[in-house]
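Every number in my numbering is 4 more than the matching position in the sequence shown, counting from 1. Working notes, structure below.
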Amino acid sequence: METAMQLIKSEIDSPLGAITLVTDADTVLVCEFADRDARVVRQLTQYYPEATVVDGACPQSIKATFDAYFAGDRDALLGLKTDPQGTAFEKRVWQDLKSIKAGLTDSYGGMAKRLNSSPRAVGRANGRNPIGLIHPCHRVIGADGSLTGYAGGLERKEWLLRHEKAILDLTGTM
């Protein structure tokens, strides 16, 4: 008899509010701001219907990595093991997000060109990103440099870009 997958749902504190993480022993499956918990529930229901989800402590190595990121190590999250669930195209988009280094931004059009797709399709896939801080969709901006479309809210997007030293002023100049 097969044992159901057990997932750990935990919350960690951040300067932007609590973050809900869903992990197995060492892999991040979902990373959302806690005020978006309904989205976490939808993702778990859709992608892990047979899993047992228990509330617990975040694995220490994962928590330490987030602590390092928020303390100023802009590249800390690159070391996390992830396994986001989505369509093949969504996974390609999310993988491409990891090529946008901290301190830099790209546009939906730039990503679309690399992926041979449309900016709208890239934007839709970014909106479904279940691990947005780790696969950094906050680094994607409008073609005109404007802050657009971040599921966690534009205030958080701006904070993250400032934290990563990507925004120099409030005029949209990068």
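Ideal placement from N, C-alpha and C gives every residue a C-beta, glycine not left out. Just so we're clear, the structure is a prediction, and the values are computed from it rather than from any experiment.
Residue 44 sits buried, since 16 or more C-beta atoms from the chains shown fall within 10 Å of its C-beta.
Residue environment for residue 49: exposed (fewer than 16 other C-beta atoms within 10 angstroms of its C-beta).
Remark: three or more beta-carbon pairs, one from each stretch, lie closer than 8 Å, so the region 151-171 and the region 30-47 are flagged as touching.
The continuous beta strand (DSSP E) containing residue 59 extends over residues 56-59. In the DSSP annotation of this structure, residue 13 is not part of any alpha helix (DSSP H); the continuous beta strand (DSSP E) holding it starts and ends at 10-16. In this structure, 24 is the residue among 109, 101, 24 with its C-alpha nearest to the C-alpha of residue 14. Here the C-alpha atom of residue 94 lies approximately 27 Å from the C-alpha atom of residue 21.
Residue 54 counts as exposed, since fewer than 16 other C-beta atoms from the protein chains shown sit within 10 angstroms of its C-beta.
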